[in-house]
Amino acid sequence: MPIILAIESSCDETGASVCRNGEILSNIVATQAIHQQYGGVVPELASRAHHQHIVPAVGEALKKAGVDKKQLDAIAFTQGPGLLGALLVGMSFAKAMSFALNIPLIGVHHMKAHVLSHFIEAPKPQFPFICLTVSGGHTQVIIVHSASYMEVVGETQDDAVGEAFDKTAKLLGLPYPGGPLVDKYAQQGNPLAFQFPEVSTEGLNFSFSGIKTALLYFLRDNTAQNPNFVPDNLADICASMQHQLVKILMQKLKKASKQYDIRRIGIAGGVSANSGLRKAVAETGEKLGWEVFIPKMEYCTDNAAMIAIAANFLYAENKFVPLHAAPLPRMPFVG
Ligand code: KG4
Ligand code: ZN
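What the sequence shown shows, in our numbering, is residues 3 to 337, in sequence order.
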């Protein structure tokens with residue numbers, strides 16, 4: 003019954019979570035508001051904010067779990083991918099605790115942890131299943147053969163879908179982080195009001211840079227004719243853009259399900275919080291007889307509970323890292 007403390011610090015959320023034998027006892031997330039005024043994550047400010055948040059976040063996670071640090075069996079941290087300075091803060095803290103308490107250290111791959119967020123709560127998928135992993139930095143179709151063996155069979159050739167949402171928001175003058183705001187306005191708009199282009203890509207790969215450029219020109223041309231075009235049509239633009247982004251994701255997800263003959267389908271990562279995607283996956287699943295797995299909202303965006311669950315699997319396999327382990331901003335997705 004291992005008790006594991008997990009720390010997430012790959013981007014702009016400082017997370018700490020405690021799990022006992024795979025059951026989450028606490029999940030604390032400290033969001034960094036500082037980036038809002040810059041319209042995006044400023045890496046150096048993220049590192050400094052992690053530094054400020056990490057002690058109270060870990061303290062709260064232990065307290066809420068009712069666990070003393072002496073009861074811990076291992077310390078897990080996000081080793082990558084992510085921002086180097088941000089990763090360094092979480093990793094150094096984890097190393098210090100591991101050294102002081104003389105317990106093993108577990109390095110977790112952030113994107114694999116997003117996939118394994120499906121094992122935080124029931125219903126948990128059986129293997130193999132397909133996971134569409136969609137975040138601010140990644141867009142991947144993954145065949146999940148087991149908790150440790152995952153095969154990326156499709157990914158973006160340029161921007162991630164989360165970036166497409168964030169850039170849409172930026173072009174519309176909405177504050178960072180823009181994805182949730184595009185989602186909010188989209189719910190009041192007509193998804194068929196405007197047409198944005200389909201970008202054809204090979205196999206199960208994606209491309210989102212063309213649609214972003216299309217939006218840029220679309221806004222420029224329409225604003226030239228009507229300076230109030232954006233405020234007058236905000237909800238319809240958001241709804242149409244979201245509709246198109248979700249459509250692109252769904253096309254590839256359906257293709258993957260057919261190609262690999264797998265009907266257990268999950269979504270994970272920040273963009274899996276999107277209401278349009280959640281609805282599309284649920285409806286398509288019903289139509290095509292999929293068994294659908296959609297994480298709770300709090301487990302979609304960055305959190306330490308998913309790091310704890312991933313670490314629990316690694317603990318069972320005795321997969322520990324040494325004290326001289328380095329953070330890996332571009333941590334490879336091996337197996
Ligand atoms: O997984 P995540 O929290 O961090 C990374 O690992 O990147 O994902 C963050 C991304 C951002 O691009 C954010 O705008 C997007 O997820 N996002 C959303 C929604 N909530 C978060 N995009 C669309 N609709 C949402 N509701
Ligand atoms: Zn993430």
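Glycine residues also receive a C-beta, built at the ideal position from the N, C-alpha and C atoms.
By Cβ distance, which residues of its chain are closer than 6 angstroms to residue i, with the 5 residues on each side in sequence left out?
i: A282; result: V248, M252
i: N276; result: D185
i: F79; result: I9, G92, M93, A96
i: L47; result: I36
i: H245; result: P193
Could you tell me if the beta carbon of residue i falls within a distance shorter than 7 angstroms of some heavy atom in the ligand KG4?
i: V184; result: yes
i: N29; result: no
i: P179; result: yes
i: A275; result: yes
i: T303; result: yes
Closest to residue i by CA distance: which of the options is it?
i: F210; options: G24, K169, V336, K186; result: K169
i: K1; options: A88, I105, A51, N320; result: The structure shown has nothing for residue 1, since the chain only spans 3 to 337.
i: Q190; options: A241, E10, K298; result: A241
i: A216; options: P193, A63, A166, T203; result: A166
i: E157; options: G175, S150, L174, S137; result: S137
i: K2; options: G268, E319, T286; result: With the chain running from 3 to 337 in the structure shown, residue 2 is simply not present.
i: Y187; options: A76, G205, I239, V143; result: I239
i: G139; options: G278, M299, H116; result: H116
i: L27; options: A48, I122, F95; result: I122
i: A32; options: K214, E10, T80, E153; result: E10
i: Q39; options: S202, A327, Y178; result: Y178
i: L86; options: A237, Y301, R50, L174; result: R50
i: A318; options: G17, R22, A18; result: R22
i: L316; options: K65, H111, E15, S100; result: H111
i: L7; options: G278, A98, S274; result: A98
i: P45; options: D75, D14, A270; result: D14
i: N29; options: P58, H53, P4; result: P58
i: I77; options: P334, A307, F335; result: A307
i: A124; options: K298, G82, H326; result: K298
If I measure Cβ to Cβ from residue i and keep anything under 7 angstroms in the same chain, skipping five residues before and after, which residues do I get?
i: K172; result: G41, G180
i: P130; result: I145, V146, H147, I264
i: D160; result: S209, F210, S211
i: A258; result: I132, V143, V155, G156, L206
i: F322; result: P106, L107, I108
i: K114; result: M152, A312
Taking all protein chains shown into account, decide if residue i is buried (16 or more other Cβ within 10 angstroms of its Cβ) or exposed.
i: T225; result: exposed
i: E288; result: exposed
i: L176; result: buried
i: E285; result: exposed
i: A63; result: buried
i: M152; result: buried
May I ask you to check if the CB of residue i is nearer than 7 angstroms to at least one heavy atom of the ligand ZN?
i: S242; result: no
i: H120; result: no
i: D168; result: no
i: H111; result: no
i: H52; result: no
i: H55; result: no
i: S137; result: yes
Counting contacts by CB-CB distance shorter than 8 angstroms, is residue i in contact with chain B?
i: S211; result: The structure shown contains no chain B; it holds only a single protein chain.
Secondary structure at residue i, three-state DSSP: helix, strand or coil?
i: H147; result: coil
i: H140; result: coil
i: H245; result: helix
i: R266; result: strand
i: E15; result: strand
i: T225; result: helix
i: G24; result: coil
i: H326; result: coil
i: I105; result: coil
i: V154; result: strand
i: N314; result: helix
Near residue i, which residues of its chain fall below 8 angstroms by C-beta distance, leaving aside the five closest residues on each side in sequence?
i: R266; result: P127, Q128, P130, F131, I132, W292, E293, F295
Below 7 angstroms, is the gap between the Cβ of residue i and the nearest heavy atom of the ligand HEM?
i: G271; result: Looking at this structure, you won't find the ligand HEM anywhere; what it does contain is the ligand KG4 and the ligand ZN.
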